[in-house]
Each structure stands twice: as structure tokens, then as C-alpha cells.
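Peer 1: If you read the sequence shown in the working numbering, its first letter stands for residue 114, the second for the next number, and so on. The C-beta atom is built at its ideal place from N, Cα and C for all residues, glycine as well. Below: one structure in C-alpha cells.
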Amino acid sequence: MLPAILVIIVIGFIILAIYRKTQRRATSDYQDSQLPENHILAKAKTVSPPSRPSSSPPPPIQEDNSLIYPDVSGLPRFHVYKLKGKNPKTNRQKTETVVAKEGMSPEIVAQKTELLPPYSLTLDPNPRTERPASEAQINFAKDINIPIPEHCSVEDISLLIGRQTEENMTDYITPELFQFAGEQGICLSPYSSPEIGISSILNSSCEQICLEFFAYFIYCSLHGIWHITSPECSPHHAIFKDFGQDFFSNSELLETIRSLSYNNILYIRAHGKIDKRSSKNAQAFSLTCDFLDSHLPAETPSIWEKWRDCHHLPQQIQRQWRSYDKRIAPLFIDHNSKSGQFQGVSGRYMTTLSTCSCPDFSRKQKPCKHMYRLAYELREKPKSSDN
């Protein structure tokens, strides 16, 4: 009888414990229901298991919008000098302004003048290509993501700012065109556009060089040669020289060529033809084309010519600028097959003047930065050049 009583007592205690536990849970639930919602969430957070790392993708890396420009450290520098010497006509001292390559002796510079020794050569600090950029210009350039080059002049920084803020600035001037302008007494910034170089040479060079260079420029435009160098680099230099000699006395033609504006030159270069709204410009263009047709040998069109109509487009100009990126290194260039392999940002690409294995060309089917870099490396250069 006693064991049965003990069993009943134990069962009673178990039932009582279960009842009390149920009551406490019900009371707790009721109290939670009376709390503000944010308090309930806070409480839930304290008892929730540790959350797993988020599987969402990381935020995209911001694109580097810094302006890219070529390395000009290896270019010869031209400066504006004040040369003082003896005037042979008056036997008095005379000072002339001369553009010459950096490091040349006064005697060599004097060969461009009629002055007699003794000579005194000093740098002219006034031209825009000589004055250092102001602090305000440099600060503004930094604000719009322009890396400041070493020894930056007023002209340099103005052109770089223009490239970042304007839409009509094209590719950079080639080293050969930059040097050719300097040899003609024209001091340019190495960050100039080809159109600035072409316009300066046509306006400021002597009659023979003006005509010779114009014939060369028209030849390049007709044949889709985008990287303008100099007449001396072309195998047809003798023909361009003949053009200058044949029309040396044609003052009307010279006046028309010298009056070509920046936009006129840009149009010819982009479209391979003249804007016919000016009859004088159209006549000068037609006369030059007829001369070249009658004197130049028949040529097989270059593969690069098929891209002529797209080089001036804004997105293509951006690709031309990006072709100077230091990360785009040519692994090899084959001048015979006009092809090469480039180390791009994310791989190696086989490149020709008509195609490239990079994703950008596959998507857009227009010349990519590797193709522009190849065309730049294949440009006509002086025979003695190792660049």
C-alpha cells in the first residue's frame, strides 16, 4: 500500500511542476505582447544565433577617371630664346627671338639668324610654353582628376584641362610632328592635339614647308593615316617637295592654306574630304588631290583605312587616349605583318589593324585601345629613329 502512495505523490509533484512552467511561459508571452515592437526586435536579436556573413557582392570598384596622356620625358624640348648678337647691317647689337632645341649652343642657334658674334643666349620667360602653371590651375586640374606632369607650363596645363572638360580635343600630337614643328621655329606643348600642330605649321612655316606639309597632310587624310608625323618620314617625301616647288609662286593658294581654321583641319582629317561651303578651300583641296593622283604610284589600300570614319567619334577619342596607358605594354610588334601582342589590364591580346582579341573589340567592333596603340607603334618614323 505504501509504494502506491509514493507513486501517486511523485506523479502529483510532476504535474504541479509542469503546470507552473506553463504558467510562467504564458505570463512571459503576455508581457512581450505589451512591449513596443522595436523592443521585441531588440530582444529577439539577443537570442538569435550569430548571422552568417552576407553573400551579397562587394560594392563595385570605382573606375579611375584620371586623364591619361603619353610619357613625354623622352621628347626633345624646344624653348623660346632671346639671342643677342651683332647686326651686320648696322654693326650694332640686336636681339632676336628664336625657337631652338634645349641644350644647343649660342653659335648653333645663331645659324637661324643673320647675327654675328659675340652671342648671348637667354631663355624668354614670357611665352605660355615657358611660364610655369599657376597654383590655381594645378589645384583645379587635381580636382578634375588630372595627374600633374613634371615641369608643367601654363600651356601644358591648359591643354590637359581642355581635354578633360571639352569634347572637340582629339588624339595627342606624335613625337615626330612635335619635333618637326620645333625645327620650323614653332614651340608647342607635347600635350597638343595633331590639329594644333598642323594648323601651327601651315600658319607659321615658310612657303616651301607650308605647301610641302599641306600636300603630306592631304595624302594622310585621303589614305586614312591617323597618326600624322612629318613629310620627311613618308616614302613620298620627294613628291610633296615637288608640290611645294611647283606652287611656290601661287600666293592665292598659300593664303588659302594658311587661313584654314582648326575646325577645317579637323573636318579634313576626320572625313578625308573638304567642307565645300568655302569655294577657296574646296579649290585648294581639289588642286592638291589632282596633283597627288597624277604623281603618286598606285597603292594597295591599307586595312586601317576602313576605320577612317570613326576615329573622330567621342568614344573613339577616349580609346585613343587610353592607348597611352602605361599598363598597356606591347610584348612584340611585327612591322611586316602589322600585328602585335599586348599586355592588357586583364590579359594578353593578339592585335592587328583590323581586329583584336580583347573583349572591347568583340563588343563594339570598332578599334580598341590596343589597335590604336599598334597603329601608333607602326606609324611612319624617320629612318634613324629607334623609337
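Which two residues bound the contiguous beta strand (DSSP E) that contains Pro231?
Peer 2: Mapped onto the sequence shown, residue 231 falls at position 118. 229-236 is the extent of the beta strand (DSSP E) around Pro231.
Peer 1: Can you tell which of Asn258, Lys197, Ser302, Ser266 has its C-alpha closest to the C-alpha of Glu248?
Peer 2: For the purposes of this step, residue 248 is taken as residue 135 along the sequence shown, with counting starting at 1. For the residues Asn258, Lys197, Ser302, Ser266, the minimum Cα distance to Glu248 belongs to Ser266.
Peer 1: Does the segment 459-466 come close enough to the segment 310-327 to have 3 or more Cβ pairs within less than 8 angstroms?
Peer 2: Verdict: no, contact absent.
Peer 1: Go through its chain and collect everything with a Cβ distance to His349's Cβ below 7 angstroms, but skip five positions before and after it.
Peer 2: Numbered from 1 along the sequence shown, position 236 holds the residue referred to as residue 349. The answer, listed in chain order, is Tyr332, Leu409.
Peer 1: Do the segment 287-303 and the segment 185-194 touch if we need at least three Cβ pairs shorter than 8 angstroms?
Peer 2: Contact holds: three or more Cβ-Cβ distances are below 8 angstroms.
Peer 1: On a Cα-Cα basis, can you pick out the residue from Pro344, Thr283, Lys439, Pro240 that is closest to Arg492?
Peer 2: Here residue 492 refers to the residue found at position 379 of the sequence shown. When only C-alpha atoms are compared, the closest one is Pro344.
Peer 1: Have a look at Tyr186 and Thr203 and give me their C-alpha separation to the nearest angstrom.
Peer 2: Position 73 of the sequence shown holds residue 186. Position 90 of the sequence shown holds residue 203. Before going further, note that residue 186 is Ser rather than Tyr in the sequence given. When rounded, the distance between both Cα atoms is 43 angstroms.
Peer 1: Beta-carbon separation of His483 and Phe455 under 8 angstroms?
Peer 2: Numbered from its first residue, the sequence shown carries residue 483 at position 370. Numbered from its first residue, the sequence shown carries residue 455 at position 342. A contact, by the Cβ cut-off of 8 angstroms.
Peer 1: Give every residue of the same chain whose Cβ lies closer than 7 angstroms to the Cβ of Gln144, excluding the five residues on either side of it in the sequence, and list them in chain order.
Peer 2: Your numbering for residue 144 matches position 31 in the sequence shown. Because the pLDDT at Gln144 is just 40, under 50, the model does not fix this residue reliably, and the value given afterwards should be weighed accordingly. Closer than 7 angstroms at the Cβ level, and outside the excluded window around Gln144, lies no residue.
Peer 1: Can you list, in chain order, the residues of its chain with a C-beta nearer than 6 angstroms to that of Pro149? Leave out the 5 residues immediately preceding and following it.
Peer 2: As a first step, residue 149 must be located in the sequence shown, where it is residue number 36. Because Pro149 sits at a pLDDT of 41, beneath the cut-off of 50, its placement in the model cannot be relied upon, and the following sentence gives the value as read from the coordinates. Within the same chain, Pro149 has no close Cβ partners at all.
Peer 1: Look at the Cβ atom of Ile257, then the Cβ atom of Thr235, and state whether they are nearer than 8 angstroms.
Peer 2: Your numbering for residue 257 matches position 144 in the sequence shown. Your numbering for residue 235 matches position 122 in the sequence shown. Their beta carbons are not under 8 angstroms apart, which means Ile257 does not touch Thr235 by this criterion.
Peer 1: Run through the DSSP bridge pairs and tell me what Ala328 is partnered with.
Peer 2: Walking along the sequence shown from the start, residue 328 turns up at place 215. According to DSSP, Ala328 bridges with nothing at all.
Peer 1: I think Gly310 touches Phe291, with their Cβ atoms under 8 angstroms apart; what is that distance to the nearest whole Å?
Peer 2: Taking the first residue of the sequence shown as 1, we reach residue 310 at position 197. Taking the first residue of the sequence shown as 1, we reach residue 291 at position 178. Confirmed, about 7 angstroms.
Peer 1: State buried or exposed for Val222, treating a residue as buried only when at least 16 other CB atoms are found within 10 Å of its CB.
Peer 2: Position 109 of the sequence shown, counted from the first residue, corresponds to residue 222. Buried, since its Cβ has 16 or more Cβ neighbours within 10 Å.
Peer 1: Note down, in chain order, each residue of its chain lying with its Cβ closer than 6 angstroms to the Cβ of Glu268, except the 5 sequence neighbours on either side.
Peer 2: Start at 1 with the first residue of the sequence shown, and residue 268 comes out as number 155. Once the five neighbours on either side are set aside, the close Cβ partners of Glu268 are Arg241, Thr242, Ser302.
Peer 1: Count the other CB atoms within 10 Å of the CB of Ser364; is the residue buried (16 or more) or exposed (fewer)?
Peer 2: Position 251 of the sequence shown, counting from 1, holds the residue named residue 364. By the neighbour-count rule (16 or more Cβ atoms within 10 Å), Ser364 is not buried but exposed.
Peer 1: Check whether the Cβ atoms of Gly357 and Leu324 lie closer than 8 angstroms to each other.
Peer 2: As a working note, residue 357 is residue 244 in the sequence shown. As a working note, residue 324 is residue 211 in the sequence shown. In contact: Gly357 and Leu324 (Cβ atoms closer than 8 angstroms).
Peer 1: Output needed for Lys439: all residues of its chain with C-beta closer than 8 angstroms, excluding positions within five of it in sequence on either side, in chain order.
Peer 2: Numbered from 1 along the sequence shown, position 326 holds the residue referred to as residue 439. The answer, listed in chain order, is Asp184.
Peer 1: With a 10 Å radius around its C-beta and 16 neighbouring C-beta atoms as the bar for buried, classify Cys319 as buried or exposed.
Peer 2: Taking the sequence shown and counting its residues from 1, the one referred to as residue 319 is at position 206. So Cys319 ends up on the exposed side.
Peer 1: Thinking just about the alpha-carbon of each residue, which of Ile352, Cys346, Gln396, Glu263 is nearest to the one in Pro495?
Peer 2: If you number the sequence shown from 1, residue 495 lands on position 382. When each option's Cα is compared against that of Pro495, the closest is Cys346.
Peer 1: What number of angstroms, rounded off, separates the C-alpha of Cys469 from the C-alpha of Cys481?
Peer 2: If you number the sequence shown from 1, residue 469 lands on position 356. If you number the sequence shown from 1, residue 481 lands on position 368. Distance between the alpha carbons of Cys469 and Cys481 is about 8 angstroms.
Peer 1: Tell me the rounded alpha-carbon separation between Gly453 and Ile261.
Peer 2: If you number the sequence shown from 1, residue 453 lands on position 340. If you number the sequence shown from 1, residue 261 lands on position 148. For Gly453 and Ile261, the distance between alpha carbons rounds to 31 angstroms.
Peer 1: Straight-line CA distance for Trp417 to Gln224?
Peer 2: Counting from one through the sequence shown, the residue named residue 417 turns up at place 304. Counting from one through the sequence shown, the residue named residue 224 turns up at place 111. Each residue's alpha carbon lies about 41 angstroms from the other.
Peer 1: Rounded to whole angstroms, what is the Cα-Cα separation between Pro230 and Val458?
Peer 2: Position 117 of the sequence shown holds residue 230. Position 345 of the sequence shown holds residue 458. Roughly 56 angstroms separates the two Cα atoms.
Peer 1: Over what stretch of residues does the alpha helix (DSSP H) that includes Gln396 continue unbroken?
Peer 2: Mapped onto the sequence shown, residue 396 falls at position 283. That run of the alpha helix (DSSP H) goes 392-408.
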